[in-house]
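The first sequence begins at 36 in the working numbering and counts up one residue at a time.
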Amino acid sequence: MTNAGYACINLTLQVNENVITTRGMIKKTFTEKGVQYASQLALQNVQDLLKVVDWNLAHGFRLFRITSDLFPWASEYRMAELPDFFEIRAVLEEIGARPIRLTCHPGPFNHLAGQGKTLENTVKDLEYQSAVFDLMGLVPSHWNKINIHAGGTYGDKTATLTRFANNFTARLSENLRARLTVENDDRPNLYTVQDLLFLYEQIGTPIVFDYFHHSLNPGEQTEEEAFMTAYGTWDVRPVFHFSNSRRDYEDPKARKEAHADWLYTPANTYGKDVDIVFESKMKELSILRVRGEEPDYSPKMLKLINTAALAADKVGTTD
DNA sequence: CGGGGTCAAGTCTCG
DNA sequence: CGAGACTTGACCCCG
36 MTNAGYACIN LTLQVNENVI TTRGMIKKTF TEKGVQYASQ LALQNVQDLL
86 KVVDWNLAHG FRLFRITSDL FPWASEYRMA ELPDFFEIRA VLEEIGARPI
136 RLTCHPGPFN HLAGQGKTLE NTVKDLEYQS AVFDLMGLVP SHWNKINIHA
186 GGTYGDKTAT LTRFANNFTA RLSENLRARL TVENDDRPNL YTVQDLLFLY
236 EQIGTPIVFD YFHHSLNPGE QTEEEAFMTA YGTWDVRPVF HFSNSRRDYE
286 DPKARKEAHA DWLYTPANTY GKDVDIVFES KMKELSILRV RGEEPDYSPK
336 MLKLINTAAL AADKVGTTD
């Protein structure tokens with residue numbers, strides 16, 4: 036079976052009930068208010084994450100990518116020193132016990148092949164993500180993937196991926212190593228699925244196949260070939276990413292890398308069982324629409340949907 | 001209290 | 001050579 040999931044934000048809860056999991060602050064505020072305030076925000080974030088997870092279960096979603104911004108300024112303290120740590124941990128444990136596959140996708144600043152401070156920051160950020168999963172009580176495996184891009188090429192893909200592999204082995208904890216995956220990039224100078232196969236051979240990191248990125252940066256492989264290459268690197272059911280092009284379906288002037296608000300084409304899974312995170316801007320609503328399960332929208336939601344739907348409707352009528 | 005300018009991090013691309 | 005983008009806009013100040 037294929038589970039459908041989406042990334043980070045539940046629009047239904049956000050718009051109607053102000054449920055958000057990414058409360059943060061700018062540097063100035065952190066300097067002024069410190070870990071005390073970070074703790075408050077983190078507690079509210081995890082409490083809201085529990086609501087989102089429960090909403091997902093109530094609506095048939097058993098896959099969800101959590102935000103990597105649950106803990107503001109996480110690199111500047113250890114979670115255990117937060118004033119609200121015990122309460123936060125209790126909520127995380129509750130989340131981890133729910134029957135849903137949780138993943139995360141740390142930011143574009145993570146470069147495991149980087150050097151100096153770049154590498155230090157990367158290790159810190161990735162270890163923090165892994166520690167969150169540990170606190171949730173999740174057994175370390177690719178089931179709960181921590182997925183990143185390989186990062187820049189520094190002018191030499193092979194040398195860079197070799198550095199990535201060395202740092203992976205030398206610098207990361209066992210639990211993090213068990214969770215880390217890499218994803219193919221959308222730009223021709225960055226990494227294709229075929230490029231990333233090198234990493235799999237070196238250190239066994241599975242490849243997250245992103246259909247849309249592949250279409251923009253296919254390398255030598257067809258979609259089916261890249262899909263199968265990535266599929267072969269997994270030791271549990273894979274998680275792949277899917278979205279449609281905003282330029283092709285909603286706005287001819289959009290950047291070619293932009294994701295569409297809605298979903299327009301099915302993902303071909305080539306007869307395999309894979310879970311898919313749909314990276315459409317309208318989040319869970321786009322999946323409900325494909326399923327033909329349009330809920331009764333609140334006036335606030337209708338306003339949001341009408342804004343997003345404009346481009347989509349245009350495509351429909353000019354076809 | 002709503003709107004707009006601004007915001008940690010690395011690298012690459014585009015204008 | 002600076003802005004914008006990336007997996008996700010939210011924070012904070014000012015009028």
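Where is the CB? At the ideal position from N, CA and C, for every residue including glycine.
Asked, Found
"Cβ neighbour criterion (16 or more within 10 Å) applied to L84", "buried"
"Residue from L323, Q229, L339 with nearest C-alpha to F96", "L323"
"Proximity winner among F121, L76, N91, relative to L170 (alpha-carbon distances)", "F121"
"Rounded Cβ spacing between E258 and H249 (contact assumed at less than 8 Å)", "6 Å"
"CA-to-CA distance, N341 to D286, given in whole angstroms", "15 Å"
"Per DSSP, cross-strand counterpart(s) of G40", "V312"
"Sequence-distant residues of its chain with Cβ nearer than 8 Å to V87 (five each side left out)", "N45, L48, V54, T56, F99"
"Where the beta strand (DSSP E) through E329 begins and ends", "No beta strand (DSSP E) holds E329; DSSP gives it neither H nor E."
"Bounding residues of the beta strand (DSSP E) (the contiguous stretch that carries V217)", "215-218"
"Sufficient close CB pairs (3 or more, under 8 Å) joining the stretch 314-332 to the stretch 261-269", "no"
"H184 beta carbon less than 7 Å from that of E162", "no"
"Which listed residue (D221, M114, A125, D89) has its alpha carbon closest to that of D252", "Looking at the sequence provided, one finds Asn at residue 252 rather than Asp. For the residues D221, M114, A125, D89, the minimum Cα distance to N252 belongs to D221."
"In DSSP terms, what D245 is bridged to", "H276"
"Heavy atom of the ligand ZN within 6 Å of W269 beta-carbon", "Inclusion of the ligand ZN in the displayed structure is not the case, the ligand content being empty and no account of it being possible."
"N91 - containing alpha helix (DSSP H), residue span", "62-93"
"Buried or exposed by the 16-neighbour rule on C-beta atoms within 10 Å, applied to A42", "buried"
"Nearest-angstrom Cα separation, counted from L147 out to T157", "6 Å"
"Within 7 Å, strictly: CB atoms of F244 and F277", "no"
"Best match in T227, L232, S280, F233 for proximity to A255 [C-alpha to C-alpha]", "Checking the displayed sequence, the identity of residue 255 turns out to be Glu instead of Ala. Nearest C-alpha to E255: T227."
"I130 burial status per 10 Å Cβ neighbour count (16 or more: buried)", "buried"
"S110 classed as buried or exposed, judged by whether at least 16 other C-beta atoms fall within 10 angstroms", "exposed"
"Beta-carbon gap between L78 and P107 smaller than 7 Å", "no"
"Inter-residue spacing [alpha-carbon to alpha-carbon] between A132 and Y112", "26 Å"
"Reduced DSSP secondary structure (H/G/I, E/B, other) of N45", "coil"
"Whole-angstrom C-beta distance between R212 and F203, which should lie under 8 Å", "6 Å"
"Neighbour-count burial assignment, A73, 16 or more Cβ in a 10 Å radius", "buried"
"Nearest-angstrom Cα separation, counted from K316 out to D283", "15 Å"
"Length of the line joining the Cα atoms of N179 and A289", "33 Å"
"Option in V126, V274, A295 with minimal Cα separation from D308", "V274"
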